[in-house]
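Chemist:
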Amino acid sequence: MSRKACARTVAVKRQVLAGIARHAPADAVLASSTSALPGSSFLGDIEGPERALVVHPVNPPALIPLVEICGTDQTAADTVERTRAFMESLGMRPVVLRREIAGFLLNRLQYTLVAEAMHLVGEGYCTAEEIDIVMTQGLALRWLSVGPFATAHLNAADGFAGFVARLGPMMRRMGAEARTTYPWTEQQAAAIHAELCRRMPVEALPLWQAWRDRRILAARRLQEMGDEP
Numbered sequence: 008m009s010r011k012a013c014a015r016t017v018a019v020k021r022q023v024l025a026g027i028a029r030h031a032p033a034d035a036v037l038a039s040s041t042s043a044l045p046g047s048s049f050l051g052d053i054e055g056p057e058r059a060l061v062v063h064p065v066n067p068p069a070l071i072p073l074v075e076i077c078g079t080d081q082t083a084a085d086t087v088e089r090t091r092a093f094m095e096s097l098g099m100r101p102v103v104l105r106r107e108i109a110g111f112l113l114n115r116l117q118y119t120l121v122a123e124a125m126h127l128v129g130e131g132y133c134t135a136e137e138i139d140i141v142m143t144q145g146l147a148l149r150w151l152s153v154g155p156f157a158t159a160h161l162n163a164a165d166g167f168a169g170f171v172a173r174l175g176p177m178m179r180r181m182g183a184e185a186r187t188t189y190p191w192t193e194q195q196a197a198a199i200h201a202e203l204c205r206r207m208p209v210e211a212l213p214l215w216q217a218w219r220d221r222r223i224l225a226a227r228r229l230q231e232m233g234d235e236p
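Counting in the numbering used here, the sequence shown tops out at residue 236, every number present.
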């Protein structure tokens, strides 16, 4: 497999992938680690588009097992399967998208949540630190092992159907109110940055990143206990 990581522009990606395709063995899988651009926007014109696809890891990839695999209309099914099997052999946890979509799965979920968080901070409901507390001491703990759908399923005596029946109207109402396209300003982003820097100064980020990585490893050890009932 040949995997490229370069600037987030279609033109650069096309140029780099085209060069790799010309020199790579005919049976090599050509993978891009783009985090948002659909592969069809820059993979279609290379030599052998049937062997090209997106393989998107999550930062820090040495610690987080998820990898998103997304082919284009021209990607061969065998290419997808070989890539999935290879990622599993590396100890990764691949998820194969059924269809192309910008941002794939993780970033679409992440950016939606961050946009609403920007709205809540920007309109004065809370601080950036309080959003992080809500996540680390609430949602993250609930979602760590089973994710949002299974969490909802476990939170109702009659499962997810009962959860939706009781809370569906409120979910729809809050969803309509959510500002996932909140028009945040550069000034608001700068204010959040300043607040974060008071707790995590930029010059101390390597220390905080190491702290984060230790916590990710501890969380993974819990996930790997394999003690489902």
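All C-beta atoms, glycine included, are put in the ideal place defined by N, C-alpha and C.
These figures come from a predicted structure and were not determined experimentally.
1) Below 7 Å CB to CB, which residues in the same chain sit around C133 once its five sequence neighbours on both sides are set aside?
2) Tell me whether V17 is buried or exposed, calling it buried when 16 or more other Cβ atoms sit within 10 Å of its Cβ.
3) Between D80 and S47, is the Cβ-Cβ spacing less than 9 Å?
4) Tell me, please, whether the CB atom of R206 is closer than 9 Å to any CB atom in chain C?
5) Taking 9 Å as the threshold (C-beta atoms), are V87 and E75 in contact?
6) What distance in whole Å lies between the Cβ atoms of G129 and Q216, which are believed to be in contact at a cut-off of 8 Å?
7) From the DSSP output, read off the bridge partner residues of R186.
8) With DSSP as the reference, please indicate the residues paired to L73 in a beta bridge.
9) Span of the alpha helix (DSSP H) holding E123?
Modeler: On the basis of the data shown:
1) On the sequence shown, position 126 is the one that residue 133 refers to. Hits under 7 Å: L127.
2) By 1-based counting over the sequence shown, the position of residue 17 is 10. Label assigned to V17: exposed.
3) In the sequence shown, counting from the first residue as 1, residue 80 sits at position 73. In the sequence shown, counting from the first residue as 1, residue 47 sits at position 40. Result yes, Cβ atoms of D80 and S47 sit closer than 9 Å.
4) Any reference to chain C falls outside this structure, which holds one protein chain only.
5) For this step, residue 75 is matched to residue 68 along the sequence shown. For this step, residue 87 is matched to residue 80 along the sequence shown. No. Outside cutoff.
6) Numbered from its first residue, the sequence shown carries residue 216 at position 209. Numbered from its first residue, the sequence shown carries residue 129 at position 122. Going by Cβ atoms, the distance from Q216 to G129 rounds to 26 Å, so no, they are not a contact pair.
7) For this step, residue 186 is matched to residue 179 along the sequence shown. According to DSSP, which records beta bridges pairwise, R186 is partnered with nothing at all.
8) Here residue 73 corresponds to residue number 66 of the sequence shown, with the count starting at 1. Answer is R100.
9) For this step, residue 123 is matched to residue 116 along the sequence shown. Element bounds for E123: 113-129.
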